[in-house]
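**Student:** Got a structure here, written out as structure tokens. Questions coming.
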Amino acid sequence: MTLGKFLVRRILQGVFVIWGVITIMFGLRAVSPGDPANLMLAEGATQALVEQVREEEGLNEPIYVQYFDYLQGMVVGDFGYSWQSNREVEAMVIERIPATIELAVAATIVAIVIAIPLGVISATRRNQPSDYGATLFSLLGISTPNFWLGLMLILILGVWAGLFPTGRRPVGFGPAVLTLAQTGSPSDIFTWLKYIALPAITLGTYFTALITRLTRSGMVDELGKPYVTASQAKGLPAVLVRYKHVLRNTMIPILTVLGLQIGTLMGGAVITETVFNWPGLGLRLIDALDARDWPLMQGIVVFIAIAFVSINIVVDALYAYLNPQVSDE
9 MTLGKFLVRR ILQGVFVIWG VITIMFGLRA VSPGDPANLM LAEGATQALV EQVREEEGLN
69 EPIYVQYFDY LQGMVVGDFG YSWQSNREVE AMVIERIPAT IELAVAATIV AIVIAIPLGV
129 ISATRRNQPS DYGATLFSLL GISTPNFWLG LMLILILGVW AGLFPTGRRP VGFGPAVLTL
189 AQTGSPSDIF TWLKYIALPA ITLGTYFTAL ITRLTRSGMV DELGKPYVTA SQAKGLPAVL
249 VRYKHVLRNT MIPILTVLGL QIGTLMGGAV ITETVFNWPG LGLRLIDALD ARDWPLMQGI
309 VVFIAIAFVS INIVVDALYA YLNPQVSDE
């Protein structure tokens, strides 16, 4: 199978997954208790006004008609209007995307910077204290709930030590960079870094532990292969063999997991954003849940699904490019 056919197949599978998410979310709204028309209106609205809203929103139509109308809107990018704020859902989603991407990317950077060197050290010093320490760190990182870790970081580093702020960030990455470009002052960049540090560590801890274990297992497997022994017999420096050849071959599965986890981080940021009051999609989703604002909830979940599927397709393409045997499967 050529790379082009492989990508077409992956894209069709992705479209099917997104359609499934849209269908499930619509079904949940259909079976949820409460009258959507009442949720759109203020408390105490007259029955005549409720009936008018039902008529205008098509809520009197059969459920399959409502479903196809909703699906048609999704296809053309019309996610509807928020019941609470009466704003376009796509606008409310788009304005929160940068903050969520900032957090996901920062958590990924934290994970890569810590995990890969730690995994290499653990693999090259097996059954030594550093290996045991890395294994213990991985176990704790995978086992620790994000919300508990976030609260502990706020309490210890934010409240007790006073090293990091605990409120909502005053500036985003984009405006901070713009300020630096216009005035040459990095103060906003430093402010942004201080506010994103704890959320990024919290969100990236599980990811760090996962990549550490994956790097270690991949390195151990590669170090036992004949080409490593041959390279050492030729007198090549151990550091060169370890980082240029062994780590390079280990990076293919790591690359796959990195791509998958970036999508997971965007969805998993809900808890972290709530704990740190981070103004991203996760916090907006919690607000929508509290208000039972179904159009906004559906829009956010569908966007996260689209982002996750798109990232998976890109990772699959890179994986197939680096290892052509994948596209033949």
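Going by our numbering, the first residue of the sequence shown is number 9, and it counts up by one from there. Backbone N, C-alpha and C fix where the C-beta goes; we use that ideal spot for every residue, glycine too.
DSSP has Y89 in a bridge; who is on the other side?
**Tutor:** The count along the sequence shown starts at 1 and reaches residue 89 at position 81. Looking at the DSSP assignment, Y89 forms a beta bridge with E96.
**Student:** Contact between the region 75-91 and the region 295-304: three or more CB pairs below 8 Å?
**Tutor:** Yes: at least three Cβ pairs fall under 8 Å.
**Student:** Report the residue ranges of all alpha helix (DSSP H) runs contained in full by the region 234-284; include only those spanning at least 4 residues, in chain order.
**Tutor:** As far as the region 234-284 is concerned, its whole alpha helix (DSSP H) runs of at least 4 residues are 234-241 and 255-284.
**Student:** Indicate the three-state DSSP secondary structure (helix, strand or coil) for G288 in the structure shown.
**Tutor:** Against the sequence shown, residue 288 aligns to sequence position 280. DSSP places G288 in coil when its eight states are reduced to three.
**Student:** Assess, as a yes-or-no matter, whether the region 202-218 is touched by the region 308-328 under the definition of 3 or more beta carbon pairs within less than 8 Å.
**Tutor:** The region 308-328 vs the region 202-218: no contact.
**Student:** Would you call the CB atoms of L263 and Y327 closer than 8 Å?
**Tutor:** Residue mapping note: residue 263 aligns to position 255 of the sequence shown, counting from 1. Residue mapping note: residue 327 aligns to position 319 of the sequence shown, counting from 1. Yes, these two residues count as a Cβ contact at 8 Å.
**Student:** Measure the alpha-carbon distance for I150 versus L57 and round it to whole angstroms.
**Tutor:** Here residue 150 is taken as the residue at index 142 of the sequence shown, counted from 1. Here residue 57 is taken as the residue at index 49 of the sequence shown, counted from 1. Each residue's Cα considered, the two are about 52 Å apart.
**Student:** Counting C-beta neighbours from all protein chains within 10 Å, is the total for M76 16 or more, i.e. buried, or is it exposed?
**Tutor:** Here residue 76 refers to the residue found at position 68 of the sequence shown. The question names Met, but residue 76 is Phe in the sequence shown. So F76 ends up on the exposed side.
**Student:** If we ignore side chains and look at the alpha-carbon of each, how far apart do V249 and S225 end up?
**Tutor:** The count along the sequence shown starts at 1 and reaches residue 249 at position 241. The count along the sequence shown starts at 1 and reaches residue 225 at position 217. Their Cα atoms are separated by approximately 17 Å.
**Student:** My output table needs one value for S193: the three-state DSSP class, helix, strand or coil.
**Tutor:** In the sequence shown, counting from the first residue as 1, residue 193 sits at position 185. S193: coil per DSSP, three-state reduction.
**Student:** Look at the alpha carbon of P7 and the alpha carbon of L15, and state the distance between them as a whole number of angstroms.
**Tutor:** Outside the shown range of the chain, which is 9 to 337, sits residue 7, and nothing can be said about it.
**Student:** Quick one: grab the DSSP three-state call for L67.
**Tutor:** Locating residue 67 in the sequence shown gives position 59, counting from the first residue. Coil, per DSSP.
**Student:** What is the rounded straight-line gap between the Cα of F311 and the Cα of G66?
**Tutor:** Here residue 311 corresponds to residue number 303 of the sequence shown, with the count starting at 1. Here residue 66 corresponds to residue number 58 of the sequence shown, with the count starting at 1. So the alpha carbons of these two residues sit roughly 24 Å apart.
**Student:** Do T280 and I294 have their C-beta atoms closer together than 8 Å?
**Tutor:** Residue numbering aside, residue 280 sits at position 272 when the sequence shown is read from its first letter. Residue numbering aside, residue 294 sits at position 286 when the sequence shown is read from its first letter. In this structure, I294 does not lie closer than 8 Å to T280 by Cβ.
**Student:** With a threshold of 8 Å, are at least 3 pairs of Cβ atoms found where one atom belongs to the region 202-213 and the other to the region 110-120?
**Tutor:** Counting Cβ pairs under 8 Å, three or more are found: they touch.
**Student:** Let's test the definition: count the other Cβ atoms within 10 Å of the Cβ of Q269 and tell me whether it reaches 16, buried, or not, exposed.
**Tutor:** As a working note, residue 269 is residue 261 in the sequence shown. Q269 is buried by the Cβ-count criterion.
**Student:** Taking N135 as part of the alpha helix (DSSP H), name the residues at either end of that continuous run.
**Tutor:** Sequence index remark: in the sequence shown, residue 135 carries index 127 (1-based). Per DSSP, N135 belongs to no alpha helix (DSSP H) and is neither H nor E.
**Student:** Measuring alpha carbon to alpha carbon, tell me which of I308, L222 and A38 ends up nearest P70.
**Tutor:** If you number the sequence shown from 1, residue 70 lands on position 62. Comparing Cα-Cα distances from P70 to each of I308, L222 and A38, the minimum goes to A38.
**Student:** Quick one: measure Cβ to Cβ for F87 and V97, integer angstroms, because I've assumed they're closer than 8 Å.
**Tutor:** On the sequence shown, position 79 is the one that residue 87 refers to. On the sequence shown, position 89 is the one that residue 97 refers to. Indeed they touch by this definition, with Cβ atoms about 4 Å apart.
**Student:** Could you give the first and the last residue of the continuous alpha helix (DSSP H) run that contains F155?
**Tutor:** On the sequence shown, position 147 is the one that residue 155 refers to. Start and end: N154 to L161.
**Student:** Taking A246 as the reference, give the member of A315, I162, V61 and V128 with the closest Cα.
**Tutor:** Sequence index remark: in the sequence shown, residue 246 carries index 238 (1-based). Checked all of A315, I162, V61 and V128; the closest Cα to A246 is V128.
**Student:** For D301, name the three-state secondary structure that DSSP assigns.
**Tutor:** Taking the sequence shown and counting its residues from 1, the one referred to as residue 301 is at position 293. Coil, per DSSP.
**Student:** Figure out for me which residue from R292, T174 and R134 has the closest Cα to the Cα of L402.
**Tutor:** Any answer about residue 402 is impossible in this case: the structure gives the chain only from 9 up to 337.
**Student:** When you compare only the Cα positions, how much space is there between P125 and A313?
**Tutor:** Along the sequence shown, one-based indexing puts residue 125 at 117. Along the sequence shown, one-based indexing puts residue 313 at 305. Looking at the two C-alpha atoms, the distance is approximately 32 Å.
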